[in-house]
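*Asks:*
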RNA sequence: CGCAACGUCUAUCACGCUU
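And the structure:
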């Protein structure tokens, strides 16, 4: 069962949804009972492919087999609803979880472990954020406060991203300033990305410095966001300098990094350097692309 | 029993899909 759990997780992560389903099928044939871990992966696969009716069938199977659903599975379910434009339904699941956690759902037995957690709220907040439903987001934050669900770094990142994407940069910065949880590399890359798009380079510089003093390590995503800003300005020197800095700091360049660099070189008419990048990609095992 | 890890959320370019 553990082997299948690992397999299904890997398939889900790499977008091979049919293989997740095939693995579940394989387990049934072999008579290996599926657990919440397997069902969570299955729900993730169905949610990402938009197969809502098949997902409902899986939920029915769990009920039929008498397998109680745990919080992580419900969170995955909420994610699936959110991805498929059913935020209302996601909210309903979240409320059911809460009611069951306090024993307020009638004949259904109480289960405190079903209490909605920061993941639950982050998922719904993200869906609301992508739809720019700021009032509903505020209401959810109030609910979190009442129910003593902590605003973790992940939750704050979702809030910051929602505001920043909508161009509400100062609101986004205000959340970062007031958050109790420590900002992480995602917090900084979200802000830096959108501040750069708004040409607020002074704020970017401040954040980059703050990040260093907070000992938050840059990663590939973060550097790619910076790199793209250089590309948009046509700043080949800065892009090159960043690429070198990444190498020195041991930050892996990925396909995105190279796409940005290629475009930067080509637009600057430096096709020889662009071609050299191809060799470098091969050395890093990115040549197939 | 305790502790830890693990399955669920959030950030980057392009392409493609949908509009």
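Residue numbers (the numbering used here): 663 to 951. Each residue gets a CB set at the ideal place from its N, CA and C atoms; glycine is no exception.
Residue range of the alpha helix (DSSP H) that residue 729 falls in?
*Replies:* In the first chain, counting from the first residue as 1, residue 729 sits at position 67. Here residue 729 belongs to no alpha helix (DSSP H), and DSSP marks it neither H nor E.
*Asks:* Identify which residue in 789, 856, 897, 813 has its Cα closest to the Cα of residue 834.
*Replies:* Within the first chain, numbered from 1, the residue matching residue 834 stands at position 172. Answer by Cα proximity: 856.
*Asks:* Look at the alpha carbon of residue 877 and the alpha carbon of residue 870, and state the distance between them as a whole number of angstroms.
*Replies:* Position 215 of the first chain holds residue 877. Position 208 of the first chain holds residue 870. Distance between the alpha carbons of residue 877 and residue 870 is about 11 Å.
*Asks:* Alpha carbon to alpha carbon, what distance is there between residue 710 and residue 881?
*Replies:* Mapped onto the first chain, residue 881 falls at position 219. Mapped onto the first chain, residue 710 falls at position 48. Looking at the two C-alpha atoms, the distance is approximately 26 Å.
*Asks:* Rounded to the nearest angstrom, what separates residue 911 and residue 904 at their Cα positions?
*Replies:* Taking the first residue of the first chain as position 1, residue 911 is located at position 249. Taking the first residue of the first chain as position 1, residue 904 is located at position 242. Spanning the two alpha carbons is a distance of roughly 10 Å.
*Asks:* Tell me whether residue 718 sits in a helix, a strand or coil according to DSSP, three-state version.
*Replies:* Along the first chain, one-based indexing puts residue 718 at 56. If DSSP states are grouped into helix, strand and coil, residue 718 belongs with the helices.
*Asks:* Closer than 7 Å by C-beta to residue 843: which residues in its own chain qualify, once you throw out the five before and the five after it? Chain order, please.
*Replies:* Indexing the first chain from 1 puts residue 843 at position 181. Taken in chain order, the residues that qualify are 813, 814, 815, 818.
*Asks:* What's the gap between the Cα of residue 944 and the Cα of residue 681?
*Replies:* As a working mapping, residue 944 is identified with position 282 in the first chain. As a working mapping, residue 681 is identified with position 19 in the first chain. Straight-line Cα distance between these residues: approximately 29 Å.
*Asks:* What residue range is occupied by the uninterrupted alpha helix (DSSP H) comprising residue 880?
*Replies:* Working through the first chain from its first residue, we reach residue 880 at position 218. Segment: none, residue 880 is in no alpha helix (DSSP H) and carries neither H nor E.
*Asks:* Let's see if you can read the secondary structure: which residues bound the alpha helix (DSSP H) around residue 934?
*Replies:* One-based indexing of the first chain puts residue 934 at position 272. Residues 933 to 945.
*Asks:* Since residue 741 and residue 785 should fall inside the 8 Å C-beta cutoff, what is the C-beta to C-beta distance between them, to a whole number of angstroms?
*Replies:* Numbered from 1 along the first chain, position 79 holds the residue referred to as residue 741. Numbered from 1 along the first chain, position 123 holds the residue referred to as residue 785. Residue 741 to residue 785, Cβ: 5 Å. Contact.
*Asks:* On the CB-based measure, 16 or more other CB atoms within 10 Å of its CB, does residue 851 come out buried or exposed?
*Replies:* Within the first chain, residue 851 is the residue found at index 189, counting from 1. Residue 851 comes out buried.
*Asks:* Could you tell me if residue 917 is buried or exposed, where buried requires 16 or more neighbouring beta carbons within 10 angstroms of its beta carbon?
*Replies:* Counting from one through the first chain, the residue named residue 917 turns up at place 255. Label assigned to residue 917: exposed.
*Asks:* Is residue 948 helix, strand or coil when you go by DSSP?
*Replies:* Here the question's residue 948 lines up with position 286 in the first chain. In this structure, residue 948 counts as coil in the three-state DSSP scheme.
*Asks:* Name the two residues that bound the continuous alpha helix (DSSP H) containing residue 952.
*Replies:* Residue 952 lies beyond the range of the chain shown here (663 to 951); nothing can be said about it.
*Asks:* Going by DSSP in three states, residue 739 sits in which element: helix, strand or coil?
*Replies:* On the first chain, position 77 is the one that residue 739 refers to. Helix, per DSSP.
*Asks:* Which residue spans inside the region 799 to 855 form an unbroken alpha helix (DSSP H) run of at least 4?
*Replies:* Listed in chain order, they are 815 to 827, 831 to 840.
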